[in-house]
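Remarks on the structure that follows.
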Amino acid sequence: MILGALGTWSPRTGQVVHVRPTAAALAAARQAPVDPGPPSFLQGDHLRAFAARRASGGRHRAWTGTASRLDGPFDGAALARALTRFVRRHEGLRTWFDVDACAEGGPAVRHLVPADAVDFAPVDVPALSPVPGLGWDEWVTGHLNATFDAACRPDSWAPFALGAVATDDAFGLFWGCDHAFTDGGSQLMVLSEIEELYGWELAAAADGGGADGGGPADGGPDGGPNPAPAEPPTTAGSFLDHARAEHELAAATPADAPQIRAWSDTVTAHGGRLPQFALDLGLPPGETAPVKIRSATLLDAAGLAHIDALAAAHGARFTGAVFAGIALTDARLTGAADWFGVTVVGTRGPGFETTQGWLCNFAPVTFPVSDAAPVPDGAPGPDGGGPASFAAVLPAADAAFRQARKVAEVPVHAALGVMLAGGVLDPASLGSPQLISYLDLRRFPGVGRPAYDNGLHFTGEGRTANASLWVNRDHERLYVVTQTPDTPAAQAAVDRYLAELTATFAAAVAEAAAGAVAEAAATSAAESADTGVATGADVRDARLEATGAGSLG
């Protein structure tokens, strides 16, 4: 799985097939009863933004999705049955919202489609001749943008779209969903789960148990029919329950709770504002620009090994190294002696490992980055003025992220309410906050399945005023993806920032390599063959990935 722009997906030329709700399912959805449970906090933010955009006549492109490739002949009916099972399993995807009251500050009203009313069918898209001069890949990108723009909206059902591009021996698979119904971790799990259900449908049909009623296939232990595959689970952790619990927790959290104080103290220490991009993007306050996706590789496989070892040698995790690199880069560009960022933290508990919805939170990360600033043990730094070394910052960065995980135990909206009411936070800084996410893509449940391993995760390219950083690790590299304003001034700033960030990690690798050489020179050949230094795989934690996949290295 990689994260990137939709336009980088390049399926082979083939028959485009959409998997759409049946007429009966659409009729049932329009009459779906009201569910009294609230949307989750972050879901509610997206619903209010949609309502405002709808009222102003603006274009809604707040969707996100994945695309992949599977080998083997395509069976549209089996894919439709797989999607039916998937949506019945995830009640968060069986909902739509009446957002009419949102324009006047009222709540969005959830409608829940009964599971047994959900049904899908494959529909071939008529062959369309691309515009002269427009290649197949460009046509596919335009077609998917139009498909997701039309389907992915929260005020009707279904707020998602699934389809395929079928050839004789393989097919591309694409999915898009309105962002009000999904976070990034959920999206990374969608296609591997659908692939699993698709495989079950094929096997069940081959054994005579599928919905299309094929005959039993020989091949059982006694030469008779193969036993039918076990029925897949029909339910997953309830996102509606998760949302209700989130609101109950926020309501029960006192204004002087440690998590609230951590937010207030951090924001107060930084002028009452949330973080911004380290460089001026050249946009006036309140202005946005069309999105341009940018990406840069920060570490290759050899560099990852060096930073794993460096982090472990300083009692830190790789997550700490990510934040250390970003903080040191920002410090060089801004001259700040301490760093403040807002990160994404997963909130998936037991039973919600594969739930589809918003199961994450935001938390502050702050620590000193200057040699002149106090270090974690309270002693002053060795020098004065410039940013500290990568190794020197690592323990503080790691400790700061551990603290952020504790702060994220309480929904950020509880802290925002207290800070706004108390005049701690400038409301103007809420419009387009700068966020940082780190995901270890090696740790998601779909790893090893073709839909995941061949996958691309993308977002709708609407408008933005910031350049949030989405940092990702896979088996081969560490890289950053950012949605940036597509203006000359913003792109020049992003060029400079990505160059500086890449240089920070290159210097860290050199620092780690020099330390390894010095250590090896100080030991005998026999001792150096077994140093006892932990690798990244030995250092366990439960970090911010929104997967619930367990302790991670």
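In terms of our numbering, the sequence shown opens at residue 744 and continues consecutively. For each residue, glycine too, the CB sits at the ideal point set by N, CA and C. Note that the coordinates shown come from a computational prediction; the quantities given were computed from them, not determined experimentally.
Each residue's CA atom was taken as its position, placing residue 1068 and residue 1049 some 14 Å apart.
Residue 1151 is not a Cβ neighbour of residue 1064, given a cutoff of 9 Å. Counting only runs of 3 or more residues that sit fully inside the stretch 750-779, the beta strand (DSSP E) segments are 758-764, in chain order. From the listed residues 1236, 937, 776, the smallest Cα separation to residue 1099 is found for 937. In this structure residue 1165 is exposed. Its beta-carbon is surrounded by fewer than 16 other beta-carbon atoms within 10 angstroms. With contacts defined as CB atoms closer than 9 Å, residue 1199 and residue 929 fail to qualify as a contacting pair.
When the Cα atoms are used, residue 1021 and residue 1075 turn out to be separated by approximately 10 Å. When the five nearest sequence neighbours on each side are left out, the beta carbons in the same chain lying within less than 8 Å of the beta carbon of residue 1010 are those of 1016, 1017, 1107, 1162, 1167, 1168, in order along the chain. Distance check between residue 1238 and each of 838, 980, 1023, 1160 places 1023 closest, using alpha-carbon atoms only. Across the set 795, 876, 1105, the C-alpha of 795 shows the shortest separation from the C-alpha of residue 848. In the three-state reduction of the DSSP assignment, residue 1088 falls in the strand class, which pools E and B. Per the C-alpha coordinates, the member of 1033, 923, 900, 1184 positioned closest to residue 1205 is 1033. The alpha helix (DSSP H) runs lying completely inside the stretch 1115-1194 and spanning 4 residues or more are 1133-1150, 1155-1164, given in chain order. Spanning the alpha carbons of residue 1172 and residue 1062 requires a straight line of approximately 26 Å. Under a 10 Å Cβ-count criterion, residue 1211 is classified as buried, with 16 or more other Cβ atoms of the shown protein chains found around its own Cβ. Under the three-state reduction of DSSP output, residue 1016 falls in the coil class, being neither helix nor strand. Nearest Cα to residue 1078 within the set 976, 1231, 1131: 1131. Annotated as distal: residue 1226 and residue 1003, with beta-carbon spacing of 9 Å or more. Straight through space, the alpha carbons of residue 856 and residue 943 are spaced by roughly 24 Å. In this structure, the beta-carbon distance from residue 1208 to residue 1174 falls below 9 Å.
Taking C-alpha positions only, residue 1057 is separated from residue 1136 by approximately 10 Å. Residue 877 sits exposed, since fewer than 16 C-beta atoms from the chains shown fall within 10 Å of its C-beta. Taking a 10 Å sphere around the C-beta of residue 834, we find 16 or more other C-beta atoms and assign the residue as buried. Going by C-alpha positions, residue 823 is about 14 Å away from residue 860. In the three-state reduction of the DSSP assignment, residue 918 falls in the strand class. For residue 822, the secondary structure class from DSSP, reduced to helix, strand or coil, is helix. Here residue 920 really is in contact with residue 807; their C-beta atoms are around 6 Å apart, less than 8 Å. Burial state of residue 1158 is buried, judged by a 10 Å Cβ sphere holding 16 or more other Cβ atoms. By the C-beta density criterion, residue 902 is buried, having at least 16 other C-beta atoms within 10 angstroms. With fewer than three CB-CB distances shorter than 8 Å, the stretch 1177-1190 does not count as touching the stretch 973-988.
Close CB contacts of residue 1044 within its chain, under the 6 Å cut and outside five residues either way in sequence, are with 1219 (chain order). Residue 1228 and residue 977 have their C-alpha atoms spaced approximately 42 Å apart. Here residue 799 is exposed, its C-beta having fewer than 16 other C-beta atoms within 10 Å.
Counted as a single uninterrupted DSSP element, the beta strand (DSSP E) harbouring residue 1202 occupies residues 1199-1202. Annotated as proximal: residue 1153 and residue 1000, with beta-carbon spacing under 9 Å.
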